[in-house]
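Q: Just so you know, we're using the working numbering here: the sequence shown kicks off at 20 and counts up by one.
Backbone N, C-alpha and C fix where the C-beta goes; we use that ideal spot for every residue, glycine too.
These numbers were taken from a predicted model, which means no experiment stands behind them.
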Amino acid sequence: HSDCGSKDMFMQYETVRGSNALNKGSLSNTLINAAASSQVCDTFGVHSSIPILKQLYDDGDLSFVANAGLLNEYVTTKDYNVKTKIKIGAHNIQRDEMMKQDVADIHPGKGVGGRLLDVLKKLNHLVSGTSVSSGGKVLESYSVPAINVNANGVERFSPMTFVNKRLTDLALLNNVTSLGSNFMADIWARSIQFDIEENERIGDAVQQANVQTSFPSTNFGTQFETIATMINTTDIRK
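Here you go:
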């Protein structure tokens, strides 16, 4: 927005965005102070229709990630196909690459969100990653298992009593191994047992959730309601 040294970054923004650019005056009530960051400007503007983002930022509950992308160097329409390390013409590839943010493929199979969780865990923070509906790849981590939740809420493994009895038997059988036990089967059994127990734990927590905000009956409204429910159960799931 402003305070960009000798550069007029807002003018550059207007040139690139053309008729889609926001009016500078419309941002006067949603300006944020980014002087403590390493960005070229000290003042940024948040869209006036979502002032809650300014409030969250000012309260220290929200961070912005700027200039994140997948181009490893400057390219033109004539040489991008040769210089870029990933295919940038397909929507599905772009989506997956944005979730990884790893052009050099230093962390194959891991997501940018998952790697952030790894760092926070190393700093002794209590962390978890939850994906609602889709996009679980972004949370693929070295050390923090991702929780994938249906947009309509937590789907229990089975509501039937006789199945729950079998789950108890499964827990008793798990880790009953011998010298000749199959290593892969042991890992699989542990993973299945962990997932079932986590499913039950999260399902119990969601039943205790108390979300008082009303959300619209739309696809995104349902997803945001599930997100709010998961946030509401944070203390229960610790």
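By the 10 Å Cβ neighbour count, where 16 or more other Cβ atoms means buried, how is residue 245 classified, buried or exposed?
A: Counting from one through the sequence shown, the residue named residue 245 turns up at place 226. Residue 245 comes out buried.
Q: Please name the residue in 173, 128, 141 whose C-alpha comes closest to that of residue 150.
A: Sequence index remark: in the sequence shown, residue 150 carries index 131 (1-based). Comparing Cα positions, the closest option is 173.
Q: Going by DSSP in three states, residue 250 sits in which element: helix, strand or coil?
A: As a position in the sequence shown, residue 250 is number 231, starting the count at 1. Three-state result, residue 250: helix.
Q: Considering only the alpha carbon of each residue, which of 123, 70, 39, 26 lies closest to residue 58?
A: Residue mapping note: residue 58 aligns to position 39 of the sequence shown, counting from 1. Among 123, 70, 39, 26, the Cα nearest to that of residue 58 belongs to 26.
Q: Thinking C-alpha only, which one of 117, 33, 39, 148 is nearest residue 90?
A: The count along the sequence shown starts at 1 and reaches residue 90 at position 71. That would be 117, whose Cα lies nearest to the Cα of residue 90.
Q: Within 8 Å of any Cβ in chain C, is that where the Cβ of residue 34 sits?
A: Chain labels in this structure do not include chain C; a single protein chain is all it has.
Q: Here's a check: name, in chain order, each residue in its chain whose Cβ is nearer than 6 Å to the Cβ of residue 156, leaving out the five neighbours to either side.
A: In the sequence shown, counting from the first residue as 1, residue 156 sits at position 137. Cβ within range, chain order: 118, 130.
Q: Which runs of the alpha helix (DSSP H) spanning at least 4 residues fall entirely within the segment 114-181, listed in chain order?
A: If we require 4 residues or more, the alpha helix (DSSP H) runs fully inside the segment 114-181 come out as 131-141.
Q: Hey, how far is the Cα of residue 220 from the Cα of residue 54?
A: The residue labelled residue 220 in the question sits at position 201 within the sequence shown. The residue labelled residue 54 in the question sits at position 35 within the sequence shown. Residue 220 and residue 54: Cα-Cα distance of roughly 43 Å.
Q: Considering only their Cβ atoms, is the gap separating residue 159 from residue 108 smaller than 8 Å?
A: Numbered from 1 along the sequence shown, position 89 holds the residue referred to as residue 108. Numbered from 1 along the sequence shown, position 140 holds the residue referred to as residue 159. Against a cut-off of 8 Å, the Cβ pair of residue 159 and residue 108 comes out as no contact.
Q: Just how far apart, CA to CA, sit residue 166 and residue 214?
A: Here residue 166 refers to the residue found at position 147 of the sequence shown. Here residue 214 refers to the residue found at position 195 of the sequence shown. Distance between the alpha carbons of residue 166 and residue 214 is about 9 Å.
Q: With the cut-off set at 8 Å, would you say residue 144 and residue 134 are in Cβ contact?
A: Mapped onto the sequence shown, residue 144 falls at position 125. Mapped onto the sequence shown, residue 134 falls at position 115. Result no, Cβ atoms of residue 144 and residue 134 do not sit closer than 8 Å.
Q: Buried or exposed: residue 63, going by 16 or more other Cβ atoms within 10 Å of its Cβ?
A: Taking the sequence shown and counting its residues from 1, one reaches residue 63 at position 44. By the neighbour-count rule (16 or more Cβ atoms within 10 Å), residue 63 is buried.
Q: Have a look at residue 105 and residue 56 and give me their C-alpha separation to the nearest angstrom.
A: Taking the first residue of the sequence shown as position 1, residue 105 is located at position 86. Taking the first residue of the sequence shown as position 1, residue 56 is located at position 37. If you take the alpha carbons of residue 105 and residue 56, they lie about 29 Å apart.
Q: Within the continuous beta strand (DSSP E) that includes residue 52, where are the two ends?
A: The sequence position of residue 52 within the sequence shown is 33, counting from 1. First-last of the beta strand (DSSP E) with residue 52: 50-52.
Q: Any idea which residues DSSP pairs residue 21 with across the strands?
A: On the sequence shown, position 2 is the one that residue 21 refers to. Answer is 62, bridged to residue 21.
Q: For the alpha helix (DSSP H) that contains residue 34, what are its first and last residues?
A: Numbered from its first residue, the sequence shown carries residue 34 at position 15. Looking at the DSSP string, the run of the alpha helix (DSSP H) that includes residue 34 is 28-36.
Q: Roughly how many angstroms lie between the CA atoms of residue 120 and residue 161, to the nearest whole one?
A: Locating residue 120 in the sequence shown gives position 101, where the first residue counts as 1. Locating residue 161 in the sequence shown gives position 142, where the first residue counts as 1. Going from the Cα of residue 120 to the Cα of residue 161 covers about 15 Å.
Q: Let me know the secondary structure DSSP gives residue 244 once reduced to three states.
A: Here residue 244 refers to the residue found at position 225 of the sequence shown. Three-state result, residue 244: helix.
Q: For residue 51 and residue 31, what's the separation of their Cα atoms in angstroms?
A: Residue mapping note: residue 51 aligns to position 32 of the sequence shown, counting from 1. Residue mapping note: residue 31 aligns to position 12 of the sequence shown, counting from 1. Looking at the two C-alpha atoms, the distance is approximately 19 Å.
Q: Starting from residue 208, trace the alpha helix (DSSP H) both ways and give me its first and last residue.
A: Counting from one through the sequence shown, the residue named residue 208 turns up at place 189. Residue 208 -> alpha helix (DSSP H) spans 202-226.
Q: Taking 8 Å as the cut-off, decide whether the C-beta atoms of residue 252 and residue 231 are in contact.
A: As a working note, residue 252 is residue 233 in the sequence shown. As a working note, residue 231 is residue 212 in the sequence shown. No, these two residues do not count as a Cβ contact at 8 Å.
Q: My output table needs one value for residue 83: the three-state DSSP class, helix, strand or coil.
A: As a first step, residue 83 must be located in the sequence shown, where it is residue number 64. In the structure shown, residue 83 sits in coil (DSSP, three-state: anything other than H, G, I, E or B).
Q: Answer yes or no: do residue 21 and residue 29 have a C-beta to C-beta separation smaller than 8 Å?
A: Within the sequence shown, residue 21 is the residue found at index 2, counting from 1. Within the sequence shown, residue 29 is the residue found at index 10, counting from 1. Taking 8 Å as the Cβ cut-off, residue 21 and residue 29 qualify as a contacting pair.
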